[in-house]
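First residue of the sequence shown? That's 5 in this note's numbering, and the numbers climb one at a time after it.
Backbone N, C-alpha and C define an ideal beta-carbon position, used for all residues, glycine too.
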Amino acid sequence: MPTLILLSLLAAFPPLSTDMYLPALPRIVEAWGITHAQGNLSLVIFFVAFSVFLLIHGPLSDRVGRKPVLVFGLLLFILGSGLCALAANITMLVLARAIQGAGAAAAAALSLALTKDLYDGLERQKILASIGVIMAFCPMLAPTLGGLLLKFASWQWIFVSQVVVAFVALYGVSQLKEPLTEFTSGGVLSVAGRYIAVFKNRQFTVMALSFALMILPHFGFIGGSPAIYISGFGMSEQVFGLYFGANALGFMLGSMVCTRLGGVLSQLRILYISLIAIIGAGGLMLLLGGTSPLTVAIPMFCITFSVGLSRPVSNSLILDQVDKDIGAASGVMTFEMFMVGAVSMELIALDWPSKTMLLGVFAFFGGGIPLTTLLVMRLLKNKSR
5 MPTLILLSLL
15 AAFPPLSTDM
25 YLPALPRIVE
35 AWGITHAQGN
45 LSLVIFFVAF
55 SVFLLIHGPL
65 SDRVGRKPVL
75 VFGLLLFILG
85 SGLCALAANI
95 TMLVLARAIQ
105 GAGAAAAAAL
115 SLALTKDLYD
125 GLERQKILAS
135 IGVIMAFCPM
145 LAPTLGGLLL
155 KFASWQWIFV
165 SQVVVAFVAL
175 YGVSQLKEPL
185 TEFTSGGVLS
195 VAGRYIAVFK
205 NRQFTVMALS
215 FALMILPHFG
225 FIGGSPAIYI
235 SGFGMSEQVF
245 GLYFGANALG
255 FMLGSMVCTR
265 LGGVLSQLRI
275 LYISLIAIIG
285 AGGLMLLLGG
295 TSPLTVAIPM
305 FCITFSVGLS
315 RPVSNSLILD
325 QVDKDIGAAS
335 GVMTFEMFMV
345 GAVSMELIAL
355 DWPSKTMLLG
365 VFAFFGGGIP
375 LTTLLVMRLL
385 KNKSR
């Protein structure tokens with residue numbers, strides 16, 4: 005399996021695990037007689053477990069190698085997916101999703117670490133953008149495929165299909181040559197020390213945290229879109245899949261544009277354009293008010309496009325701040341991003357007068373905070389000269 009395809013498949017495990025399952029949420033909520041907030045726990049707990057295990061898999065891969073950790077994580081994902089398919093109530097489903105999230109964390113964190121292991125500089129930025137283009141097909145197609153499965157079979161088959169994809173990834177990993185030649189040493193205390201060393205890198209820490217907030221509206225939309233489109237506008241699960249897929253198309257197009265702009269515009273200029281666009285799209289969403297599907301879809305498309313455009317650049321820029329402990333640094337970056345995602349998904353599941361208006365507020369914070377960080381860091385750099 006080509007390395008780029010494998011990296012893209014590994015990076016796609018989080019959206020694969022959530023987006024394909026989204027059309028089934030309203031059906032599960034109705035069948036089990038639970039609230040939307042309780043149903044969303046199966047999303048949130050996935051990302052909580054996912055985020056926690058990122059902090060374990062990252063430094064563990066620095067200690068024992070990327071390949072053993074990837075194999076273990078994929079086997080854990082297969083186990084969790086099988087248990088999800090067998091779940092008979094929300095408690096069982098939430099517990100199984102936690103196992104699934106713990107396994108998916110290895111794939112997501114180490115796909116980022118592998119780009120640092122295998123590529124440098126502008127080539128890495130282009131590889132990250134190419135991965136963004138390929139993995140964008142997952143959230144484009146996943147809810148549509150999930151909706152089609154629901155038309156002909158029960159929701160449990162969504163998780164069975166995820167088992168099949170995980171076995172494909174496991175085969176690809178089995179063909180991968182271990183990229184590390186130097187390994188860290190020591191036990192648990194040594195691992196904790198690696199994180200302390202990473203967090204002492206102030207520039208890395210500030211940039212990673214501020215850019216994690218950029219995905220607030222993106223994950224808020226993932227958590228709130230079934231309630232907005234299916235419960236709110238009365239869409240069928242199949243039509244919802246098309247709307248959700250069209251939004252994911254924005255991410256893919258943004259990543260494609262990023263591959264073209266690499267080497268033409270500076271990293272900072274791409275980031276400035278993207279972050280200002282996120283803020284502007286948030287303002288448009290507040291102005292339109294979410295009174296129809298298109299008044300939600302159009303601003304969200306702009307937001308997702310901007311995230312797709314900026315994410316490869318911001319990830320590459322953040323990774324440039326570290327020279328060692330790459331696994332730990334990658335784990336921190338992905339942990340922060342998905343913890344922000346979990347919080348935004350649970351917040352939007354609450355009983356708000358308008359979930360769409362909340363997405364607009366998320367966009368202001370998601371674009372404004374990293375933009376402010378970049379401007380402040382630029383100002384401090386100029387003063388130090």
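Annotation for Ala281: Cys306 and Ser310 place their beta carbon closer than 7 Å to its own, counting only its chain and skipping 5 residues before and after.
Look at Leu269 here: in three-state DSSP terms it is strand. Around the beta-carbon of Ser296, fewer than 16 other beta-carbon atoms lie within 10 Å, marking it exposed.
Taking 8 Å as the upper bound for CB-CB distance, Tyr233 and Phe223 are not in contact here, some 16 Å apart.
Ile82 is positioned such that its CB atom lies no closer than 9 Å to that of Ala157.
A distance of 9 Å or more separates the beta carbons of Glu34 and Gly151. Ala100 has its alpha-carbon roughly 17 Å from the corresponding atom of Ala346. Burial is judged here by how many other beta carbons sit within 10 angstroms of a residue's own beta carbon; Met96 has fewer than 16 and is exposed.
With contacts defined by Cβ atoms closer than 9 Å, Leu29 and Pro230 form a contacting pair. Inclusion of Leu378 and Leu272 in the CB contact set at 9 Å is warranted, their separation being smaller than that value. Ranked by how close their Cα comes to the Cα of Tyr25, the residues Glu127, Ser165, Gly107 and Gly77 have Ser165 in first place.
Just measuring C-alpha positions, the residue of Ile322, Val317, Leu269 and Pro221 sitting nearest Phe366 is Pro221. Shortest Cα-Cα distance from Leu180 to any of Pro72, Met381, Thr360 and Gly43 involves Pro72. Residues of the same chain with a CB within less than 8 Å of the CB of Ile330, apart from the 5 flanking positions on each side, are Asp66, Ala117, Lys120, Asp121 and Leu323 in chain order. Spatial neighbours of Lys359 in its own chain (CB-CB distance under 6 Å, excluding positions within 5 residues in sequence) are listed in chain order as Gly228, Ile232 and Ile352. A direct Cα-Cα distance of roughly 30 Å separates Val210 from Leu253. Three or more Cβ pairs closer than 8 Å define a contact, and the segment 100-111 meets that threshold against the segment 74-89. If you ignore the 5 residues before and after Leu292, its C-beta comes within less than 6 Å of the C-beta of Thr299, all in its own chain and listed in chain order.
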